[in-house]
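Engineer: Structure provided below as structure tokens; questions to follow.
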Amino acid sequence: MKKDKKYSMPANAEVSIIPVMQGEEIKEVSESELPETLPILALRNAVLFPGAVFPITVGREKSIRLIRDAEEHSSFIGCVPQT
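The sequence shown maps to residues 2 to 84 in the numbering used here.
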């Protein structure tokens, strides 16, 4: 029998929390405001819906860099579910 892999962090692991929203109201974004190329963040075990505020856990170093870069430049990130 094959064991299922479990993904977890040790209790003593150092965790960084990156605030994504700062209590701002959701605003409509026109297509002209979007960049020609949109960076994509693949989400495991999560589906986002338009207008919903949803906390997500990001662990891969590439994903963390993507979020930090978007925050620094006040840019957009596209999110898609990963299967």
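Glycine is no exception: its CB is placed at the ideal position from the N, C-alpha and C atoms.
1. Let me make sure I understand the geometry here. Which of S76, K28, T84 has the alpha-carbon closest to that of P51?
2. Considering only residues of the same chain and omitting the five flanking positions on each side of V48, which have a CB-CB separation below 8 Å?
3. Would P36 pass as a contact of A71 if the rule is Cβ separation under 8 Å?
4. Tell me the rounded alpha-carbon separation between E32 and A14.
5. Please determine, among V54, S75, G60, P11, the residue with the shortest C-alpha to C-alpha distance to A43.
6. Taking C-beta to C-beta, are L67 and I78 nearer than 8 Å?
Structural biologist: In short, the structure shows the following:
1. Along the sequence shown, one-based indexing puts residue 51 at 50. With distances taken between Cα atoms, P51 lies closest to K28.
2. For the purposes of this step, residue 48 is taken as the residue at position 47 of the sequence shown. Excluding positions up to five away in sequence, the list reads P82.
3. Residue 36 sits at position 35 when you count from the first residue of the sequence shown. Residue 71 sits at position 70 when you count from the first residue of the sequence shown. The answer is no: Cβ separation not under 8 Å.
4. One-based indexing of the sequence shown puts residue 32 at position 31. One-based indexing of the sequence shown puts residue 14 at position 13. So the alpha carbons of these two residues sit roughly 41 Å apart.
5. Counted from its first residue, the sequence shown places residue 43 at position 42. For A43, the nearest C-alpha among the options comes from G60.
6. On the sequence shown, residue 67 is found 66 positions in, with the first residue counted as 1. On the sequence shown, residue 78 is found 77 positions in, with the first residue counted as 1. Cβ distance < 8 Å, so L67 and I78 count as in contact.
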